[in-house]
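A.B. asks:
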Ligand code: GAR
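Numbering (full-length UniProt numbering), first residue to last: 7 to 216.
(1) I'd like the span of the alpha helix (DSSP H) that includes residue 104, first residue to last.
(2) Can you tell me whether DSSP reads residue 203 as helix, strand or coil?
(3) In the structure shown, what three-state DSSP assignment does residue 140 receive?
(4) If we require 4 or more residues per run, which alpha helix (DSSP H) segments fall completely within the stretch 126-183?
(5) Figure out for me which residue from 65, 103, 18 has the closest Cα to the Cα of residue 178.
(6) Could you tell me which residues DSSP puts in a beta bridge with residue 90?
(7) How big is the Cα-Cα spacing for residue 189 and residue 128?
(8) Could you pull the DSSP bridge partners for residue 216 from this structure?
(9) When you compare only the Cα positions, how much space is there between residue 123 and residue 29?
(10) If you draw a straight line from the C-alpha of residue 35 to the C-alpha of residue 13, how long is it?
(11) Please tell me whether residue 154 and residue 194 are closer than 8 Å, where the distance is taken between their beta carbons.
(12) What's the gap between the Cα of residue 98 and the Cα of residue 86?
(13) Hey, how far is the Cα of residue 76 from the Cα of residue 165?
(14) Would you mind sorting residue 113 into buried or exposed? The rule is 16 or more other CB atoms within 10 Å of its CB.
(15) Pull the bridge partners of residue 209 from the DSSP assignment, please.
(16) Could you check where the alpha helix (DSSP H) with residue 23 kicks off and where it finishes?
(17) Using a Cβ-Cβ cutoff of less than 6 Å, which residues in the same chain neighbour residue 37 once the five nearest sequence positions on both sides are dropped?
(18) Which same chain residues, not among the five before or five after residue 197, have their C-beta less than 6 Å away from its C-beta?
(19) Which whole-angstrom value describes the C-beta separation of residue 137 and residue 162, a residue pair presumed to lie in contact below a C-beta threshold of 8 Å?
(20) Quick one: what's got a C-beta closer than 8 Å to residue 110's C-beta in the same chain, skipping five residues either side?
(21) Buried or exposed for residue 62, going by 16 or more other Cβ atoms inside 10 Å?
So, in C-alpha cells, the structure goes:
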C-alpha cells in the first residue's frame, strides 16, 4: 500500500473524503501526514481526529519561498511518501519543489481546466455565463494549474445561480473524483509520462478522462 502526504490550507473536505475512502478500503494507501500552511486549517483537526500527524508550517520564520519550500520538502520526506496530494493547498510552490515530486504530486482545481486557472473560479464561470463548470484533478508541473489533467467532472450552471451553491455542487463532485484518481495512482494504473497523464498504459486526452 502507498504512503500519501496531504497538503491543506483550509477546511479539508477533500482530505476527509480521502480518509473515509481509505477507511472503506477503497484506496490502496494510507495518509502518513497532513501538513498545512495555515494554523487554523480545519484539515489539521481532521488529521488529528484520525490519529495522523498534523503539522503546521508557518511561512513567517522564512525569508523566501525557496526556504519555505525547502522546509516543506524536508518535512514531507520524513514520511517517505509515494504521492503528494494537494487538497485545497492555497500556496504557490517553487519550481524546485515541483520538480522534486514530478509525477508524484496531484492537485484538485475547482474549474474545467484549462479554463479559470488561479482563484475565484466559481464566480468567474458565473460571470462568463458559462453553461457548465466543474473540477479537474491533474498532475502538478511547474506551470501553475497547467499540468496534465487526469479526470474532470462537470456540473451544469443554472440561470442566476449563486456562487456558494455552485461551489458546493462542484465540491460534492470533488469528493467523489479525488479518491478515485488517488486510488488509480496507488494501484499503479496512473502515471505521468512525457508530461502526459497515462491510465492503464493509454495516454489520456488533453482535457483528461471524463
Ligand atoms: C476545493 O474546492 C479545491 O478544489 C480548491 O479549494 C477547495 C478546498 O476545499 N482548491 C484550489 O482552489 C486550489 N487552487 P477543502 O479544503 O474542503 O478540500
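Beta carbons are placed, not taken as given, at the ideal position from N, Cα and C, and that holds for glycine.
C.D. replies: Taking the structure as given:
(1) What you label residue 104 is simply residue 98 of the chain shown in a count that begins at 1. That run of the alpha helix (DSSP H) goes 101-106.
(2) The residue labelled residue 203 in the question sits at position 197 within the chain shown. Three-state DSSP puts residue 203 in a strand.
(3) Taking the chain shown and counting its residues from 1, one reaches residue 140 at position 134. Residue state, collapsed to three classes: strand.
(4) 127-133
(5) Counted from its first residue, the chain shown places residue 178 at position 172. Residue 178 has its Cα closest to that of 18, out of 65, 103, 18.
(6) Indexing the chain shown from 1 puts residue 90 at position 84. DSSP, once it has assigned bridges, lists 11, 111 as partnering residue 90.
(7) The sequence position of residue 189 within the chain shown is 183, counting from 1. The sequence position of residue 128 within the chain shown is 122, counting from 1. Their backbone Cα atoms lie some 27 Å apart in a straight line.
(8) As a position in the chain shown, residue 216 is number 210, starting the count at 1. Paired residues: none, contrary to the question.
(9) Taking the first residue of the chain shown as 1, we reach residue 123 at position 117. Taking the first residue of the chain shown as 1, we reach residue 29 at position 23. Going by the C-alpha atoms only, they are around 32 Å apart.
(10) The residue you call residue 35 lines up with position 29 of the chain shown. The residue you call residue 13 lines up with position 7 of the chain shown. Going from the Cα of residue 35 to the Cα of residue 13 covers about 16 Å.
(11) If you number the chain shown from 1, residue 154 lands on position 148. If you number the chain shown from 1, residue 194 lands on position 188. Cβ distance not < 8 Å, so residue 154 and residue 194 don't count as in contact.
(12) For the purposes of this step, residue 98 is taken as the residue at position 92 of the chain shown. For the purposes of this step, residue 86 is taken as the residue at position 80 of the chain shown. If you take the alpha carbons of residue 98 and residue 86, they lie about 22 Å apart.
(13) Translated into positions along the chain shown, residue 76 becomes position 70. Translated into positions along the chain shown, residue 165 becomes position 159. Cα to Cα, residue 76 sits roughly 46 Å from residue 165.
(14) Start at 1 with the first residue of the chain shown, and residue 113 comes out as number 107. Answer is buried; the Cβ neighbour count reaches 16.
(15) As a working note, residue 209 is residue 203 in the chain shown. Answer is 204, bridged to residue 209.
(16) Here residue 23 corresponds to residue number 17 of the chain shown, with the count starting at 1. Start and end: 19-29.
(17) Residue numbering aside, residue 37 sits at position 31 when the chain shown is read from its first letter. For residue 37, where only same-chain residues beyond five positions count, the Cβ hits under 6 Å are 10, 12, 58.
(18) The residue labelled residue 197 in the question sits at position 191 within the chain shown. So the qualifying residues of the chain are 204.
(19) In the chain shown, residue 137 corresponds to position 131, counting from 1. In the chain shown, residue 162 corresponds to position 156, counting from 1. Contact holds; Cβ gap of about 7 Å.
(20) Taking the chain shown and counting its residues from 1, the one referred to as residue 110 is at position 104. For residue 110, where only same-chain residues beyond five positions count, the Cβ hits under 8 Å are 87, 88, 89, 90.
(21) Numbered from 1 along the chain shown, position 56 holds the residue referred to as residue 62. With fewer than 16 other Cβ atoms within 10 Å, it is exposed.
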